[in-house]
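The block underneath contains the structure these notes are about, expressed in structure tokens.
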Amino acid sequence: MKKPDLIDELMSTKKLNAFFERTERSMVTIISAHTAEPIARRSAWWIVGGAAGLALIGTTVWMTLRTDSPVESTSAVVVAAPRVMESTPEQGTSPSSMQTLVATPPSAATRSSISTQRPSTREAPTSDDHLMIGQADATPTIESATLREIDSLSSILYATQEPLDKARLAYQIGIRQRLHGDVDAAIASLTTARALAQSSHATVLEARSLAERSRCEVKRGRVLEARTFLDDAIRLLADKNESLRQQWRQERDALAH
Amino acid sequence: MKDLTVETDNELFARIQNHDDAQAFRVLYGRYKRRIFAYCLQIVKDEESAKDAFQTTFAAVYEQRMSYTPGTFSSWLFTIAKRTAMRVWTDRRATRLPVGEVPIDIEELIDEHDATEVDVYLLEALRKAINRLGPDYKEAVELRYFQGLAFEEIAQTLGISLSLAKVRVTRAKQMLQRLMNLEPDDIS
Numbered sequence: 016m017k018k019p020d021l022i023d024e025l026m027s028t029k030k031l032n033a034f035f036e037r038t039e040r041s042m043v044t045i046i047s048a049h050t051a052e053p054i055a056r057r058s059a060w061w062i063v064g065g066a067a068g069l070a071l072i073g074t075t076v077w078m079t080l081r082t083d084s085p086v087e088s089t090s091a092v093v094v095a096a097p098r099v100m101e102s103t104p105e106q107g108t109s110p111s112s113m114q115t116l117v118a119t120p121p122s123a124a125t126r127s128s129i130s131t132q133r134p135s136t137r138e139a140p141t142s143d144d145h146l147m148i149g150q151a152d153a154t155p156t157i158e159s160a161t162l163r164e165i166d167s168l169s170s171i172l173y174a175t176q177e178p179l180d181k182a183r184l185a186y187q188i189g190i191r192q193r194l195h196g197d198v199d200a201a202i203a204s205l206t207t208a209r210a211l212a213q214s215s216h217a218t219v220l221e222a223r224s225l226a227e228r229s230r231c232e233v234k235r236g237r238v239l240e241a242r243t244f245l246d247d248a249i250r251l252l253a254d255k256n257e258s259l260r261q262q263w264r265q266e267r268d269a270l271a272h
Numbered sequence: 199m200k201d202l203t204v205e206t207d208n209e210l211f212a213r214i215q216n217h218d219d220a221q222a223f224r225v226l227y228g229r230y231k232r233r234i235f236a237y238c239l240q241i242v243k244d245e246e247s248a249k250d251a252f253q254t255t256f257a258a259v260y261e262q263r264m265s266y267t268p269g270t271f272s273s274w275l276f277t278i279a280k281r282t283a284m285r286v287w288t289d290r291r292a293t294r295l296p297v298g299e300v301p302i303d304i305e306e307l308i309d310e311h312d313a314t315e316v317d318v319y320l321l322e323a324l325r326k327a328i329n330r331l332g333p334d335y336k337e338a339v340e341l342r343y344f345q346g347l348a349f350e351e352i353a354q355t356l357g358i359s360l361s362l363a364k365v366r367v368t369r370a371k372q373m374l375q376r377l378m379n380l381e382p383d384d385i386s
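In structure tokens form, the structure reads like this:
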């Protein structure tokens, strides 16, 4: 008999199993969206290739049958070829735009599509962002890793159905956006996180979103607003989680000086 | 249809690299999900952050699939998990400070544990947790999970009833879950 695995058994609570299943579904959605794209692209190339082949055969037959000057025949091939090639971008782009609607693979395009999903979640990538993404493959930096993580988490967020999971992911994305200096995007994510947490009756997560929002306000130099958000977070927890409330009280008091 | 569960990690991952095979991903994910979660949990120390690190790890594995060259898949996976969890941990630490930025020396943190040691760190954490159990519970865990005894055999070895043997193992597991920063299911 195979020995039971202690770690497997310890990590098998009902809550965790449900979480593992949800994550698996989200990841499969992301992978399936990737699979659909090359197939659609291959099909598009078959159509284009077939059309080009037919055009070539037609032209050859036409040239053979014609007894006119060879100069005209050559120009006919040249004209036929671009006409066929023009269809390539159209065939190629439609699957990827559809794919963006189904799920979002981690890419710069993902971030912009997420921002259409959740209003103003993230500003349009700046030239600095593109620089960071470009650098990521060569020399990973903390900055580029943070951007990658925002992309990865955004992908999962997009493929996740459960509101509470979405809330948690939006909160995590918000933290990273703030750390990356993208304060407006962070505020949008945290607002989403708070709303979803509120509708899921997840009080602690709602309060954490408020506290994180406060840190964004500090970054903007709006200390009064920051204090208000911390007060709201503390009030929301009422008598729960004393250590968090204590931490936030300290933050609030530090803002007074 | 081919049974993917018999394939090696490298064979499965090659399917993901070459064909974006979601079924192969499911099998690999099933093999490692609990261990990776436990590993993240030992680094970040709270369940919510561990969930964050866990999801980011698997997203990164897929995103970086082309950078993997056949070798020890589990080492590669645990290295990604470690870096991700360390990052989540430092982010958390940063959010706890009131104002301004915190200097993050992530490389220093990563160096604390050798990347090639796979989940030795996790096993060490588990071993420490087991050592904190009372002698009765510790013995029950040792017999069940390290000696691989059935409950009847545990009962015989310890000279206790079958039901008490089961209760000890169950309670020991709940204590270990708490010691490893996981909220156990309600006692049923």
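As given, the protein sequences belong to chains Y and F, one line each in that order.
Those letters in the first sequence? Residues 16 to 272, per this note's numbering, in order.
Those letters in the second sequence? Residues 199 to 386, per this note's numbering, in order.
Ideal Cβ positions, reconstructed from N, Cα and C, are used throughout, including at glycine.
Handout entry: Within chain Y, partners of K243 (chain F) - CB distance below 7 Å
Key = In the second sequence, counting from the first residue as 1, residue 243 (chain F) sits at position 45. By Cβ distance, chain Y contributes nothing, its closest Cβ being about 13 Å from K243 (chain F), past 7 Å.
Exercise for the section: Could you check what DSSP says for E227 (chain Y) in three-state terms: helix, strand or coil? Expected result: The residue you call residue 227 (chain Y) lines up with position 212 of the first sequence. Here E227 (chain Y) sits in helix by DSSP.
Practice task
Would you kindly work out how many angstroms separate the C-alpha atoms of A222 (chain Y) and E177 (chain Y), rounded to a whole number?
Solution key: Within the first sequence, residue 222 (chain Y) is the residue found at index 207, counting from 1. Within the first sequence, residue 177 (chain Y) is the residue found at index 162, counting from 1. One C-alpha to the other measures close to 19 Å.
Problem - Closer than 8 Å at the beta carbon, the chain Y residues around D383 (chain F) - result: Residue 383 (chain F) sits at position 185 when you count from the first residue of the second sequence. T28, K29, K30, listed in chain order.
Practice task
Could you check the C-alpha separation between S167 (chain Y) and A212 (chain Y) for me, to the nearest Å?
Solution key: Taking the first sequence and counting its residues from 1, the one referred to as residue 167 (chain Y) is at position 152. Taking the first sequence and counting its residues from 1, the one referred to as residue 212 (chain Y) is at position 197. When rounded, the distance between both Cα atoms is 21 Å.
Exercise for the section: May I ask you to report which of helix, strand or coil DSSP gives I358 (chain F)? Expected result: The sequence position of residue 358 (chain F) within the second sequence is 160, counting from 1. The answer is coil: DSSP assigns I358 (chain F) none of H, G, I, E or B.
Problem - Euclidean distance between Cα positions of S111 (chain Y) and S47 (chain Y) - result: Locating residue 111 (chain Y) in the first sequence gives position 96, where the first residue counts as 1. Locating residue 47 (chain Y) in the first sequence gives position 32, where the first residue counts as 1. Caution is warranted here: a pLDDT of 33 is assigned to S111 (chain Y), below 50, making its placement in the model unreliable, and the coordinate value is therefore given only provisionally. Distance between the alpha carbons of S111 (chain Y) and S47 (chain Y) is about 13 Å.
Exercise for the section: Take every Cβ of the segment 221-235 of chain F, pair it with every Cβ of the segment 249-265 of chain F, and state whether three or more of those distances are shorter than 8 Å. Expected result: yes
Problem - Between the CA atoms of D219 (chain F) and R230 (chain Y) - distance to the nearest angstrom - result: As a working mapping, residue 230 (chain Y) is identified with position 215 in the first sequence. As a working mapping, residue 219 (chain F) is identified with position 21 in the second sequence. The alpha-carbon atoms of R230 (chain Y) and D219 (chain F) are separated by roughly 42 Å.
Practice task
Please state if the CB of L377 (chain F) and the CB of R325 (chain F) are separated by a distance shorter than 8 Å.
Solution key: Position 127 of the second sequence, counting from 1, holds the residue named residue 325 (chain F). Position 179 of the second sequence, counting from 1, holds the residue named residue 377 (chain F). No.
Practice task
Answer with yes or no whether the minimum CB distance from Q215 (chain F) to chain Y is below 8 Å.
Solution key: Here residue 215 (chain F) refers to the residue found at position 17 when the second sequence is read from its first residue. Cβ-Cβ to chain Y under 8 Å: no for Q215 (chain F).
Practice task
Can you say whether Q261 (chain Y) is buried or exposed, counting buried as having 16 or more other CB atoms within 10 angstroms of its CB?
Solution key: Taking the first sequence and counting its residues from 1, one reaches residue 261 (chain Y) at position 246. Exposed, since its Cβ has fewer than 16 Cβ neighbours within 10 Å.
Problem - Straight-line gap, A201 (chain Y) to T355 (chain F) (C-alpha atoms, nearest Å) - result: Numbered from its first residue, the first sequence carries residue 201 (chain Y) at position 186. Numbered from its first residue, the second sequence carries residue 355 (chain F) at position 157. Answer to the nearest angstrom: the Cα atoms are 58 Å apart.
Problem - Test: F235 (chain F) CB closer than 8 Å to a CB of chain Y - result: Locating residue 235 (chain F) in the second sequence gives position 37, counting from the first residue. By this cut-off, F235 (chain F) is an interface position.
Handout entry: Endpoints, the alpha helix (DSSP H) within which E381 (chain F) is located
Key = Reading the second sequence from its first residue, position 183 is the one you call residue 381 (chain F). Run containing E381 (chain F): none; DSSP gives neither H nor E here.
Handout entry: Neighbour-count burial assignment, T270 (chain F), 16 or more Cβ in a 10 Å radius
Key = In the second sequence, residue 270 (chain F) corresponds to position 72, counting from 1. Exposed: under 16 other Cβ atoms inside 10 Å.
Problem - Contact with chain F by S204 (chain Y), beta-carbon distance below 8 Å - result: For the purposes of this step, residue 204 (chain Y) is identified with residue 189 of the first sequence, where counting begins at 1. False, the Cβ-Cβ gap to chain F never drops below 8 Å.
Exercise for the section: Go ahead and pull the three-state DSSP assignment for E232 (chain Y). Expected result: On the first sequence, position 217 is the one that residue 232 (chain Y) refers to. Three-state result, E232 (chain Y): helix.
Practice task
Could you tell me whether any Cβ in chain F is nearer than 8 Å to the Cβ of F35 (chain Y)?
Solution key: Counted from its first residue, the first sequence places residue 35 (chain Y) at position 20. At least one chain F Cβ lies under 8 Å of F35 (chain Y).
Exercise for the section: Report buried or exposed for I72 (chain Y), applying the criterion of at least 16 other Cβ atoms within 10 angstroms of its Cβ. Expected result: Here residue 72 (chain Y) refers to the residue found at position 57 when the first sequence is read from its first residue. Burial call: exposed.
Exercise for the section: Kindly list, in the order they appear in chain F, the residues whose Cβ is closer than 7 Å to that of E24 (chain Y). Expected result: Stepping through the first sequence from its first residue, residue 24 (chain Y) is reached at position 9. K371, listed in chain order.
Handout entry: Buried/exposed call for E266 (chain Y), threshold 16 Cβ in 10 Å
Key = To locate residue 266 (chain Y), count along the first sequence from 1; it is residue 251. When all chains shown are included, E266 (chain Y) counts as buried.
Problem - Extent of the continuous alpha helix (DSSP H) run through H217 (chain F) - result: As a position in the second sequence, residue 217 (chain F) is number 19, starting the count at 1. Counting along the chain, the alpha helix (DSSP H) containing H217 (chain F) begins and ends at 207-217.
Practice task
Return the CA-CA distance between N32 (chain Y) and A70 (chain Y), expressed in angstroms with no decimal places.
Solution key: Along the first sequence, read from residue 1 onward, the residue named residue 32 (chain Y) stands at position 17. Along the first sequence, read from residue 1 onward, the residue named residue 70 (chain Y) stands at position 55. Cα to Cα, N32 (chain Y) sits roughly 57 Å from A70 (chain Y).
Handout entry: The alpha helix (DSSP H) enclosing K181 (chain Y), as first and last residue numbers
Key = Taking the first residue of the first sequence as 1, we reach residue 181 (chain Y) at position 166. Start and end: 178-194.
Practice task
Keeping to the same chain, check which residues put their C-beta closer than 7 Å to that of E350 (chain F); ignore five residues upstream and five downstream.
Solution key: Reading the second sequence from its first residue, position 152 is the one you call residue 350 (chain F). Taken in chain order, the residues that qualify are L360.
Handout entry: Contacts around K243 (chain F), its chain only, beta-carbon distance under 6 Å, and the 5 residues preceding and following it disregarded
Key = Stepping through the second sequence from its first residue, residue 243 (chain F) is reached at position 45. Excluding positions up to five away in sequence, the list reads N379.
Problem - Of the listed residues Y:V43, Y:I22, Y:S214, nearest to I214 (chain F) (C-alpha basis) - result: Reading the second sequence from its first residue, position 16 is the one you call residue 214 (chain F). Of Y:V43, Y:I22, Y:S214, the residue nearest in Cα terms is Y:V43.
Exercise for the section: Kindly say whether A258 (chain F), judged by its beta-carbon, lies nearer than 8 Å to any beta-carbon of chain Y. Expected result: Numbered from 1 along the second sequence, position 60 holds the residue referred to as residue 258 (chain F). Interface residue, yes.
Problem - Closest by C-alpha distance to Y335 (chain F), when choosing among F:L347, F:T368, F:G357, F:K280 - result: On the second sequence, residue 335 (chain F) is found 137 positions in, with the first residue counted as 1. When only C-alpha atoms are compared, the closest one is F:T368.
Handout entry: Three-pair Cβ contact test at 8 Å for the segment 181-192 of chain Y versus the segment 261-270 of chain F
Key = no
Practice task
Label F35 (chain Y) either buried or exposed according to how many other C-beta atoms from any shown protein chain fall within 10 Å of its C-beta, with 16 as the threshold for buried.
Solution key: Residue mapping note: residue 35 (chain Y) aligns to position 20 of the first sequence, counting from 1. F35 (chain Y) comes out buried.
Problem - Beta-carbon neighbours of G346 (chain F), restricted to chain Y and to distances below 9 Å - result: As a position in the second sequence, residue 346 (chain F) is number 148, starting the count at 1. Per Cβ cutoff of 9 Å: M16, K17, K18, P19.
Practice task
In angstroms with no decimal places, state the Cα-to-Cα distance between K200 (chain F) and E209 (chain F).
Solution key: Taking the first residue of the second sequence as 1, we reach residue 200 (chain F) at position 2. Taking the first residue of the second sequence as 1, we reach residue 209 (chain F) at position 11. The straight-line gap from Cα to Cα measures roughly 13 Å.
Handout entry: Inter-residue spacing [alpha-carbon to alpha-carbon] between V286 (chain F) and S247 (chain F)
Key = Locating residue 286 (chain F) in the second sequence gives position 88, counting from the first residue. Locating residue 247 (chain F) in the second sequence gives position 49, counting from the first residue. Using only the alpha carbons, I get a separation of about 7 Å.
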